[in-house]
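Just so we're aligned, residue 3 is where the sequence shown starts under the working numbering, counting upward by one.
Notes for the one structure printed next.
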Amino acid sequence: MKNLISVFFIVTVCCVSFLSFSQSSQALAKKPIIETEVEVIASTDSILDERLESAKEAIANPFVISQHRRNYLLPVTYITKPNTATVDDLNKENVDNIEAKYQISVKLPLYIEQDSTSGLYLGFTAKSYWQVYNSDVSKPFRATDYEPEVYYAWHNELSILGFKFNGVQVGLNHQSNGQSNELSRSWNRAFASALFSDKSSFYYIKTWYRIPEDEKETPTSAQGDDNPDITRFLGNIELGYGTHWGDFNIVGLLRNNLRTSENKGSIEFNVSYPITDNYDILFQYFNGYGDSLIDYNRHQQRVGLGIQLKFF
3 MKNLISVFFI VTVCCVSFLS FSQSSQALAK KPIIETEVEV IASTDSILDE
53 RLESAKEAIA NPFVISQHRR NYLLPVTYIT KPNTATVDDL NKENVDNIEA
103 KYQISVKLPL YIEQDSTSGL YLGFTAKSYW QVYNSDVSKP FRATDYEPEV
153 YYAWHNELSI LGFKFNGVQV GLNHQSNGQS NELSRSWNRA FASALFSDKS
203 SFYYIKTWYR IPEDEKETPT SAQGDDNPDI TRFLGNIELG YGTHWGDFNI
253 VGLLRNNLRT SENKGSIEFN VSYPITDNYD ILFQYFNGYG DSLIDYNRHQ
303 QRVGLGIQLK FF
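If you want it as structure tokens, here you go:
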């Protein structure tokens, strides 16, 4: 049954992506490959226009903190194999498969070029997994991952085959679960990403290089690599796609290690529906490695339902 669910979501994402891309390609077949004229670019509609315009206004307001990645609360999620290692009182007998999950993600401009949104940013994302319904062990937080990053965002005025080339990000990223000794999980990366959009969809590609660390002298050493094989499971590349499907918003993420043998990665599928101008109902499905850092090498499936701040 779990495999059938996985196949269903993968096929759904692929079909929606293919139909959207096919329609865009047919409509844009006769346009120049690269368009740099400001008038043409300004008339090229993008699904991200409202979000990017709001970002400009937020930068000009010193009392506003902007969304970085998505912000959501899933009060109810079901996970197939919850990891109990991070909480002393948790074990296979008393851990709940049903728990809450939430993500908080914000960014601050450090330096912005004049009359632009291009510049240096500081981003921070925290993602937590909460055994909120587990009264037997005092409702502990099973895991929390912290992800600060600093990056330069270049927002440009190019249109490629009718797609807006919204920009490039280049930066440094640190991710850690805040644990110590044998439970510590962390890694540092240099990353680069590119974002494109058209009237109905957005697309991005992100890749990274893991910054090497020295090997640990012992498993409990404070210094050294906590997880030397993490790229084997979390990969080197991430592809993202988002679109409107009627009143629904769909966002899919695919992460992979690009290996022909022992190919590993993950998919995440999000469907949201607006309930107010600011909030959406969110359904989320995850399948693969890296649901949390403590589970970077442990295959998981998770489904959840909750609410998110409007993202696009």
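All residues carry an ideal CB built from backbone N, CA and C; glycine is no exception.
**Report entry** Where the beta strand (DSSP E) through F313 begins and ends
**Finding:** As a first step, residue 313 is located in the sequence shown; it is residue number 311 there, counting from the start. For F313, no beta strand (DSSP E) segment is defined, and its DSSP state is neither H nor E.
Report task. Would you give the residue range spanned by the alpha helix (DSSP H) that T127 belongs to? Result -> For this step, residue 127 is matched to residue 125 along the sequence shown. That residue, T127, is in no alpha helix (DSSP H); its beta strand (DSSP E) goes G121 to W132.
Report task. Could you tell me if E270 is buried or exposed, where buried requires 16 or more neighbouring beta carbons within 10 angstroms of its beta carbon? Result -> As a working mapping, residue 270 is identified with position 268 in the sequence shown. So E270 ends up on the buried side.
Report task. Hey, could you find the ends of the beta strand (DSSP E) K208 is sitting in? Result -> Walking along the sequence shown from the start, residue 208 turns up at place 206. DSSP places K208 inside the beta strand (DSSP E), whose first and last residues are S203 to R212.
Query raised in the report: Can you list, in chain order, the residues of its chain whose CB lies under 6 Å from that of S178, leaving out five sequence neighbours each side?
Result: Here the question's residue 178 lines up with position 176 in the sequence shown. Sequence-distant Cβ neighbours of S178 in its own chain, meaning closer than 6 Å and more than five residues away, are Y148 and S188.
Query raised in the report: Going by the CB atoms, is the gap between R53 and F250 shorter than 9 Å?
Result: Stepping through the sequence shown from its first residue, residue 250 is reached at position 248. Stepping through the sequence shown from its first residue, residue 53 is reached at position 51. With contacts defined as CB atoms closer than 9 Å, F250 and R53 fail to qualify as a contacting pair.
Query raised in the report: Would you call I252 buried or exposed, if buried means 16 or more other Cβ atoms sit within 10 Å of its Cβ?
Result: Counting from 1 along the sequence shown, the entry for residue 252 is found at position 250. The residue in question, I252, is buried, as its Cβ has 16 or more Cβ neighbours within 10 Å.
Requested in this report: Assuming L50 and L284 form a contact by the criterion Cβ under 8 Å, report the distance between their Cβ atoms to the nearest whole angstrom.
Outcome: Within the sequence shown, the letter at position 48 stands for residue 50. Within the sequence shown, the letter at position 282 stands for residue 284. 19 Å between Cβ atoms; not a contact.
Requested in this report: Evaluate contact between the region 257-270 and the region 290-304, counting only Cβ atoms and requiring at least three cross-stretch pairs below 8 Å.
Outcome: Three or more beta-carbon pairs drawn from the region 257-270 and the region 290-304 are found closer than 8 Å, and the two stretches are therefore classed as touching.
**Report entry** Segment limits, alpha helix (DSSP H) that includes T233
**Finding:** The count along the sequence shown starts at 1 and reaches residue 233 at position 231. For T233, the enclosing alpha helix (DSSP H) stretches over residues I232 to L236.
Query - Same chain, Cβ closer than 6 Å to H70, five either side skipped, listed in chain order - result: Along the sequence shown, one-based indexing puts residue 70 at 68. Counting only Cβ-Cβ distances below 6 Å, and skipping sequence neighbours, we find S107, V108, K109 and G125.
Query raised in the report: Over what stretch of residues does the alpha helix (DSSP H) that includes R53 continue unbroken?
Result: Along the sequence shown, one-based indexing puts residue 53 at 51. Looking at the DSSP string, the run of the alpha helix (DSSP H) that includes R53 is D51 to A62.
Report task. Output yes or no for whether 9 Å exceeds the beta carbon distance between Y123 and A155. Result -> Numbered from 1 along the sequence shown, position 121 holds the residue referred to as residue 123. Numbered from 1 along the sequence shown, position 153 holds the residue referred to as residue 155. Yes, these two residues count as a Cβ contact at 9 Å.
**Report entry** Euclidean distance between Cα positions of N190 and E217
**Finding:** By 1-based counting over the sequence shown, the position of residue 190 is 188. By 1-based counting over the sequence shown, the position of residue 217 is 215. In a straight line, the C-alpha of N190 is about 14 Å away from that of E217.
Requested in this report: Answer with buried or exposed for D138, where buried requires no fewer than 16 other C-beta atoms within 10 angstroms of its C-beta.
Outcome: Here residue 138 refers to the residue found at position 136 of the sequence shown. Within 10 angstroms of the beta-carbon of D138 lie fewer than 16 other beta-carbons, which makes it exposed.
Query raised in the report: Taking the alpha-carbon positions, what's the S235 to S118 distance?
Result: Reading the sequence shown from its first residue, position 233 is the one you call residue 235. Reading the sequence shown from its first residue, position 116 is the one you call residue 118. Reading off the sequence shown, one finds Phe at residue 235, where the question assumed Ser. Straight-line Cα distance between these residues: approximately 38 Å.
Query raised in the report: Using a beta-carbon distance below 9 Å, is A57 in contact with chain C?
Result: Absent here is chain C; the protein component of the structure consists of one chain.
Query raised in the report: Beta carbon of T82, beta carbon of Q286: below 9 Å?
Result: For the purposes of this step, residue 82 is identified with residue 80 of the sequence shown, where counting begins at 1. For the purposes of this step, residue 286 is identified with residue 284 of the sequence shown, where counting begins at 1. No, the Cβ-Cβ distance between T82 and Q286 is not below 9 Å.
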